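Only one structure is covered here, and it is reproduced in the block below.
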């Protein structure tokens, strides 16, 4: 028979075990630093449009282009104009199909990364950028916070935010970089429109 002190010790042991298990489950996703914490609710933004510039740096090239991105739920319409877009490139996608138009050429593929690599010779992680441009890691894959707490690492990319802005009371990135061992993307996101008319193409 367990005496009263034994019962107290047993309860304390269970409480300690519960605390340890809770701590382990919380550590499976690292806490977001303050700058990113302000943007964690941006996942609720399902319809938006932004314009700005994108730069791409690699061992072979260092170019830039103007960027216009409209997101309507799972459907996206991304336009690049300038040297990087070779005079104009339009990437459109739905959950079922992705297409890339450059000049008079229109090609289709199953995902945007494969399509850009085949047609332009470089790949942009569009499937994750849809989250990164809103200031958050993709919820579908693991991530770690960078040492300087300015961003995170996910899928081999290091994403950081050097400038933020307020749009209709919502904190959004103004300048972001996504760095891969062989590629670096620089995003200047200066013009956000929330809840655009998705019946009108940008």
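Numbering (our numbering), first residue to last: 2 to 203. A virtual CB, placed ideally from N, CA and C, is assigned to each residue, including glycine. None of the values given here were measured: they were computed from a predicted structure.
Just so you know, the alpha carbons of residue 89 and residue 104 end up roughly 7 Å apart. For residue 67, the uninterrupted beta strand (DSSP E) run begins and ends at 63–73, by DSSP. Here residue 138 carries a coil assignment [DSSP, helix/strand/coil]. For residue 142 and residue 129, the gap between their C-alpha atoms comes out near 9 Å.
About 5 Å separates the beta carbon of residue 68 from that of residue 55, a gap short enough to meet the 8 Å contact definition. Residue pairing by DSSP puts residue 194 in a beta bridge opposite 50.
By the neighbour-count criterion, in which a residue is buried when 16 or more other Cβ atoms sit within 10 angstroms of its Cβ, residue 44 is exposed. If you draw a straight line from the Cα of residue 50 to the Cα of residue 83, it is about 19 Å long. The DSSP-derived three-state label of residue 76 is strand.
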